[in-house]
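Participant:
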Amino acid sequence: MSAGPQVSRRAALGMLAGGVVAGAGASRLGFQSSSGGDLGGIASERGLDGQQAAAALETYVPGGSYDEYFVFASGGHSGQIFVFGVPSMRLLKVIPVFTPDAWQGYGYGTDQGNAVLEGGSDPAKSNPLRWGDTHHPALSETEGSYDGRWIYINDRANGRIAMADLRDFKCKQIFDIPNLQTSHGGCFVTPNSEYVHISTMTPTPVTESGYAPLSRYKEDFRGFSTWLKLDPETGRFDLGNSFQIELPPYTQDLADAGKLTSFGFGFINSYNTEMAVGGDMTGGQPLEAGSTANDYDFLHIIDWQKAEEVFKAGNTKDLNGMKVIPMDVAVSEKILHFAPEPRNPHGIDVNPTGDYMCVGGKLDPHASVYDIELIKTAIANEDYQGTDPFGVPILTLESVLVAQVELGAGPLHTQFDDKGYAYTSLFVDSAIAKWSLGPKAGHTDDGFKLVETLPVQYNIGHLCTAEGDTVSPDGNYMIALNKWSIDRFPPVGTLHPQNFQLVDLTTTPLTVLSDTPIGMGEPHYTQMIKADKLVHTIEVYPPGTDPMNFAPSEFAIKAGEERIERQGKDLHVYMSAMRSHYTPDQIQAKVGDTLHLHITNVEQTIDATHGFAIPQYNIEASLDPGEVVNIDMLLDRAGTFAMYCSEFCSALHLEMQGWIEVAPQGVTPSVG
Ligand code: CUA
1 MSAGPQVSRR AALGMLAGGV VAGAGASRLG FQSSSGGDLG GIASERGLDG QQAAAALETY
61 VPGGSYDEYF VFASGGHSGQ IFVFGVPSMR LLKVIPVFTP DAWQGYGYGT DQGNAVLEGG
121 SDPAKSNPLR WGDTHHPALS ETEGSYDGRW IYINDRANGR IAMADLRDFK CKQIFDIPNL
181 QTSHGGCFVT PNSEYVHIST MTPTPVTESG YAPLSRYKED FRGFSTWLKL DPETGRFDLG
241 NSFQIELPPY TQDLADAGKL TSFGFGFINS YNTEMAVGGD MTGGQPLEAG STANDYDFLH
301 IIDWQKAEEV FKAGNTKDLN GMKVIPMDVA VSEKILHFAP EPRNPHGIDV NPTGDYMCVG
361 GKLDPHASVY DIELIKTAIA NEDYQGTDPF GVPILTLESV LVAQVELGAG PLHTQFDDKG
421 YAYTSLFVDS AIAKWSLGPK AGHTDDGFKL VETLPVQYNI GHLCTAEGDT VSPDGNYMIA
481 LNKWSIDRFP PVGTLHPQNF QLVDLTTTPL TVLSDTPIGM GEPHYTQMIK ADKLVHTIEV
541 YPPGTDPMNF APSEFAIKAG EERIERQGKD LHVYMSAMRS HYTPDQIQAK VGDTLHLHIT
601 NVEQTIDATH GFAIPQYNIE ASLDPGEVVN IDMLLDRAGT FAMYCSEFCS ALHLEMQGWI
661 EVAPQGVTPS VG
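Printed below as a string of structure tokens:
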């Protein structure tokens with residue numbers, strides 16, 4: 001591997017900083033600037049060695065300058081997406097998805113947030129879901145590269161999926177997927193955003209009532225591989241053109257899309273092919289023992305183009321509103337094949353050329369590498385060692401496995417760079433293994449070989465390289481998503497933050513550049529996209545926009561069109577917000593009325609956002625410039641309520657307030 005210009009850049013930085021710390025060298029190296037930037041003095045005063053000073057310089061992004069990459073991180077059971085800049089690791093945005101967020105008025109009475117959250121909740125349940133466990137973000141792609149349009153993310157807890165639009169960084173849709181109770185890592189987008197895939201984690205009872213005793217696990221429980229069609233214009237889920245494939249009741253885990261040479265395939269790891277259900281207090285084996293008994297589990301190989309044909313031909317059954325390709329059809333149509341993989345694997349990741357499927361051993365110190373050409377040949381030759389208990393053919397391991405590389409203890413997930421190297425997280429070792437990925441990734445001489453191991457702090461789960469799961473990784477940076485931080489940050493109580501470590505991928509050996517505490521959730525997976533790909537992002541909505549569809553809202557008004565209309569017990573208020581007043585700023589109503597607020601932020605100035613808050617009614621809205629927000633509220637308590645702007649918008653922000661009179665029964669309001 002050639003060191004490349006960036007290595008020399010970094011080496012130079014390190015030398016300079018070394019010189020800086022040496023002190024005497026500082027001015028000689030030009031670091032003693034006329035404006036007083038005595039880097040040598042600062043570094044030695046702060047006790048930084050040359051490498052630390054270099055890391056600080058390399059990750060510093062001056063105010064007003066922008067980061068080179070965005071990182072979209074799942075927020076775990078905070079239910080959100082976090083957006084960071086790289087290399088600064090500054091937090092730029094939190095996108096609320098499955099969990100309400102007061103700042104953005106998401107889920108506090110406004111039509112958009114409430115509609116999205118309620119749309120993703122089972123209407124049969126009286127309590128709408130108000131949290132999720134975001135796990136695997138999946139950026140939309142064109143020809144295998146991120147295109148900066150949309151992001152999808154699954155809910156580990158409730159088997160749901162959400163879509164956020166990167167035009168305004170807001171969640172637009174949540175879908176509660178039938179037949180999926182939970183999902184883990186089965187979320188990915190196909191190379192042209194044809195589909196977003198999501199699979200079950202724990203199998204689901206497919207009985208009418210949704211109940212089945214665990215004694216009937218094999219008979220009544222099933223897994224599902226879900227292919228949600230994406231509308232190419234809006235990125236929304238096109239449910240009429242979506243389908244599922246029935247799978248055995250194994251635990252389907254991580255998944256990835258084939259690309260280039262493996263385009264048209266999807267791959268899912270599994271464990272618990274033993275179909276253990278626990279029972280440790282009733283004479284059974286604990287689940288962890290029962291689910292690790294077999295030497296091999298099954299890599300699921302799915303031909304989604306064949307599945308699409310079968311779905312279009314109508315060879316499906318209906319199950320809870322989804323078109324499902326039954327397992328026997330998936331077998332007879334050669335949609336589904338298995339290949340053995342060492343017991344209880346974790347990640348499955350397809351390399352940038354699409355040739356290799358890399359499986360992290362978890363309990364096995366190896367990464368197992370499968371070759372798509374071998375897989376295709378084995379399928380064509382029906383090179384089967386037999387079938388599983390459900391009749392799914394199992395390809396012989398020898399016919400599809402191309403390498404096993406010993407990496408260390410607890411290999412989980414693999415990401416890639418632009419030079420044919422793979423990077424695998426080692427949970428047990430708290431480290432990242434860098435290894436060469438064989439001839440089809442350009443390593444004809446060194447083959448599949450461990451190159452180096454980088455310690456990280458501590459207990460790494462996922463990792464993420466720049467555009468590292470696309471056909472065109474960048475190479476520059478990597479983030480280690482460490483589950484434990486232990487002693488890396490000052491104590492902040494008993495619940496410790498996670499630790500994101502930024503790694504310079506251009507150095508040999510690899511270098512950790514910075515630690516970032518994540519004190520607001522447990523990120524699970526991230527994707528890093530070049531910032532200049534987010535070309536669709538807007539800063540101001542066109543006047544009177546409904547953000548749900550980026551179209552003019554029927555409730556929009558212009559300044560001067562404000563009005564109050566009473567229709568029986570319904571009081572419609574067409575209100576404008578601008579610095580620093582609401583018009584109207586008085587509303588007179590009666591207990592029992594339903595107030596329909598249609599508020600337009602009539603401003604078009606970047607960042608001129610207003611809030612709208614009403615005490616005691618649990619109402620809080622964010623009105624971005626150009627945005628229209630609708631709030632329906634039943635006025636069930638009398639009082640005279642001071643509404644106010646909750647966003648510090650202007651010098652007269654505190655004056656941006658008004659009153660809502662809610663007259664008790666028998667009292668006539670002054671107006672209205
Ligand atoms: Cu508008 Cu503060």
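To convert, note that position 433 of the sequence shown is 433 in our numbering; the numbers rise steadily by one, no gaps.
Using N, Cα and C, we set each Cβ at its ideal position, and we do this for glycine too.
#1: The ligand CUA and E647: does any heavy atom of the ligand fall closer than 7 angstroms to the residue's C-beta?
#2: I need the DSSP call for V277, collapsed to helix, strand or coil.
#3: Is the number of C-beta pairs between the segment 65-73 and the segment 44-55 that are closer than 8 angstroms three or more?
#4: Look at the Cβ atom of M575, then the Cβ atom of I599, and state whether they are nearer than 8 angstroms.
#5: Going straight from the alpha carbon of I660 to that of S646, what length do you get?
#6: Give me the DSSP bridge partner(s) of F243.
#7: Quick check: the Cα distance between Q6 and P523, rounded to an integer number of angstroms?
#8: In angstroms with no decimal places, state the Cα-to-Cα distance between H462 and L481.
#9: To the nearest whole angstrom, what separates the beta carbons of T508 and L166, a pair I think is in contact under 8 angstroms?
#10: Under the rule that 16 or more other beta-carbon atoms within 10 Å means buried, what is G493, buried or exposed?
#11: May I ask you to report which of helix, strand or coil DSSP gives M357?
#12: By Cβ distance below 7 angstroms, which residues in the same chain neighbour A638 in space, the five residues on each side in sequence not counted?
#13: List the residues that DSSP assigns as beta-bridge partners of R637.
#14: Is any non-hydrogen atom of the ligand CUA found closer than 7 angstroms to the C-beta of S576, if you look at the structure I gave you?
#15: What is the DSSP secondary structure of S650, counted as helix, strand or coil?
#16: Run the CB neighbour count on D303, radius 10 Å, all protein chains shown included, and call it buried at 16 or more, exposed below.
#17: To which residues of the same chain is N192 closer than 7 angstroms at the C-beta, ignoring the five residues directly before and after it?
#18: How far does the beta strand (DSSP E) with K317 in it extend, from its first residue to its last?
#19: Just grab the DSSP bridge partners of M163 for me.
#20: DSSP on Y217, reduced to helix/strand/coil?
#21: Name the residue from V61, I479, L495 whose alpha carbon lies nearest to the alpha carbon of Q501.
#22: Starting from D297, follow its DSSP beta bridges and name the residues at the other end.
#23: Between which residues of its own chain and Q244 is the CB-CB distance below 6 angstroms, once the five residues before and five after are set aside?
#24: Among D417, L635, E627, D238, whose alpha-carbon lies nearest the alpha-carbon of N618?
#25: Give the range of the beta strand (DSSP E) segment to which P515 is assigned.
#26: For V667 and E565, what's the separation of their Cα atoms in angstroms?
#27: Heavy atom of the ligand CUA less than 7 angstroms from the Cβ of M643, yes or no?
#28: So, for T516: in the same chain, excluding its five sequence neighbours on each side, which residues have a beta-carbon less than 8 angstroms away from its beta-carbon?
#29: Can you tell me the Cα-Cα spacing of Y211 and P205, whole angstroms?
#30: When you compare the CB positions of L513 and T59, do they come within less than 8 angstroms of one another, or not?
#31: In angstroms, rounded to a whole number, what distance separates the CA positions of A433 and M357?
#32: How would you write the range of the beta strand (DSSP E) that T526 sits in, first residue to last?
#33: Among residues of its own chain, excluding the 5 on either side of T207, which ones have a beta-carbon nearer than 8 angstroms to its beta-carbon?
#34: Count the other CB atoms within 10 Å of the CB of W703; is the residue buried (16 or more) or exposed (fewer)?
#35: Could you compute how far the alpha carbon of P249 sits from the alpha carbon of H653?
#36: Tell me whether the beta-carbon of F448 lies closer than 8 angstroms to the beta-carbon of G354.
Facilitator: This is what the structure gives:
#1: yes
#2: Here V277 sits in coil by DSSP.
#3: no
#4: Cβ atoms of M575 and I599: closer than 8 angstroms.
#5: 16 angstroms
#6: W227
#7: Residue placement at Q6 cannot be trusted, given a pLDDT of 42 that sits under 50; what the coordinates show is reported in the next sentence. C-alpha separation (whole angstroms): 29 angstroms.
#8: 5 angstroms
#9: Cβ-Cβ separation between T508 and L166: approximately 35 angstroms, too far for a contact (criterion under 8 angstroms).
#10: exposed
#11: strand
#12: V591, V662, A663, P664
#13: R637 pairs with nothing; no bridge assigned.
#14: no
#15: coil
#16: Counting Cβ neighbours within 10 Å, D303 comes out buried, since at least 16 surround it.
#17: E141, T142, E143.
#18: Its beta strand (DSSP E) spans residues 317-319.
#19: Y152, Q173
#20: helix
#21: I479
#22: Residue pairing by DSSP puts D297 in a beta bridge opposite E341.
#23: F224, T226, M322, V324
#24: L635
#25: Note that residue 515 is Asp in the sequence shown, not Pro. It spans 511-518 - the beta strand (DSSP E) in which D515 sits, taken as one unbroken run.
#26: 20 angstroms
#27: Not under cutoff, so the answer is no.
#28: F84, M89, N499, F500, Q501, L502
#29: 6 angstroms
#30: yes
#31: 17 angstroms
#32: 526-530
#33: D220
#34: Residue 703 lies beyond the stretch modelled for the chain, which goes from 1 to 672, so this question has no answer here.
#35: 58 angstroms
#36: no
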